[in-house]
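Trainee: Throughout the sequence shown, residue numbering follows numbering that gives the first Met the number 0, covering 0 to 241 in sequence.
Below is the structure I would like to discuss, written out as structure tokens.
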Amino acid sequence: MAGHSKWANIKHKKAATDAKRGKIFTRLIKEVTVAAKLGGADPSSNPRLRLAIDKARDQNMPKDTIENAAKRGAGQLDGVDYEDIRYEGYGIGGAAVIVDCMTDNRTRTVAEVRHAFAKHGGNLGTDGSVAFLFRHCGQIVLAPGASEDRVMEIAIEAGADDVVVDDDGSIEVITAPTQDFLAVREALDKAGLKAAFAEIVMKPGTETTLAGDDGAKMQKLLDALEALDDVQDVWTNAVIDD
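Structure representation (structure tokens):
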């Protein structure tokens, strides 16, 4: 099935991740710690931990650092006790925003998130106010040029839910946010089909296009949220038209 272009958005997300590389170790350590806390320190039986470890390795994080973070999460070492918190709100033009945080201080985190929304023209909503607009899923994107037939054959056989070919030729593979995601990603890798982007995401079901001043204002809001120390991920249904 055909869809609109995801490639520009994926490239932007990768660029944003690269730009905050100085903070990425801290965020990945938190993710490993919380994943181990919730599902145990064995990555073979904890998909979230396995994904977090893979991401940490991709960033060349030392093995000892990863292992110690997992041990802290599982209670085998002393350390800060982080917890997952999700905030929902609205940006420019009513665009939906989800902010996933990991924190050891809820009071500090909610104050910082609320301030970022208010300062940049958005407002913090209540639990459930926008989450219904998103699907929690695995998203694997291959750059334009990959063989559609080959990707579809391998992905579906490995357990993918859907394969979407975008207008610019990029291919998007959607999976359940479980072991299926890891299985599909590994099957594609083994076939020589390297993903440009592979994450567990909150995928919007509908999108709001923003351009000009509105687009610039929305980007400032997203950047302000991303810059907060307790923020792990920011999801939005806004498509900012350059």
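Glycine residues also receive a C-beta, built at the ideal position from the N, C-alpha and C atoms.
Model, not experiment: these values are computed from the prediction.
(1) Alpha carbon to alpha carbon, what distance is there between R71 and G78?
(2) Using the Cα positions of Y89 and L37, report the straight-line distance between them to the nearest angstrom.
(3) Report buried or exposed for A115, applying the criterion of at least 16 other Cβ atoms within 10 angstroms of its Cβ.
(4) Along the alpha helix (DSSP H) that carries V164, what are the first and last residues, could you check?
(5) Compare the beta carbon distance of V238 and E206 with 7 angstroms and say whether it is the shorter of the two.
(6) With H, G and I counted as helix, E and B as strand and the rest as coil, what does DSSP make of P203?
(7) Mind checking E152: buried by the 16 CB within 10 Å criterion, or exposed?
(8) Would DSSP call Q58 helix, strand or coil?
(9) Report the rounded CA-to-CA distance for V140 versus L227, giving the unit in angstroms.
(10) Specify the secondary structure class of T106 as computed by DSSP and reduced to three states.
(11) Whose C-beta lies closer than 8 angstroms to the C-beta of A1 among residues of the same chain, with five residues either side of it excluded?
(12) Whose CA, out of D99, N59, V31 and V150, lies closest to the CA of D232?
(13) Would you list the residues sitting across from L123 in a DSSP beta bridge?
(14) Check G211 in the structure and name its three-state DSSP category.
Mentor: Reading it off the structure:
(1) Approximately 6 angstroms, taken between the alpha carbons.
(2) Between the alpha carbons of Y89 and L37 lies a gap of roughly 29 angstroms.
(3) When all chains shown are included, A115 counts as buried.
(4) Unbroken run through V164 is the beta strand (DSSP E), D161 to D165; no alpha helix (DSSP H).
(5) It is a contact, given that the beta carbons lie within the stated cut-off.
(6) P203 falls in the strand class under three-state DSSP.
(7) Within a 10 Å sphere around the beta-carbon of E152 sit fewer than 16 other beta-carbons, which makes this residue exposed.
(8) Coil.
(9) Pairing V140 with L227, the inter-Cα distance amounts to about 27 angstroms.
(10) Helix, per DSSP.
(11) In this predicted model, A1 has a pLDDT of only 36, less than 50, meaning its place in the structure is not dependable; the value taken from the coordinates is given anyway. The beta carbon of A1 sits closer than 8 angstroms to those of V163, V164, D165 and D166, all from its chain and outside the five residues before and after it, given in chain order.
(12) Answer by Cα proximity: D99.
(13) Paired residue(s): G88.
(14) In the structure shown, G211 sits in a helix (DSSP, three-state: H, G or I).
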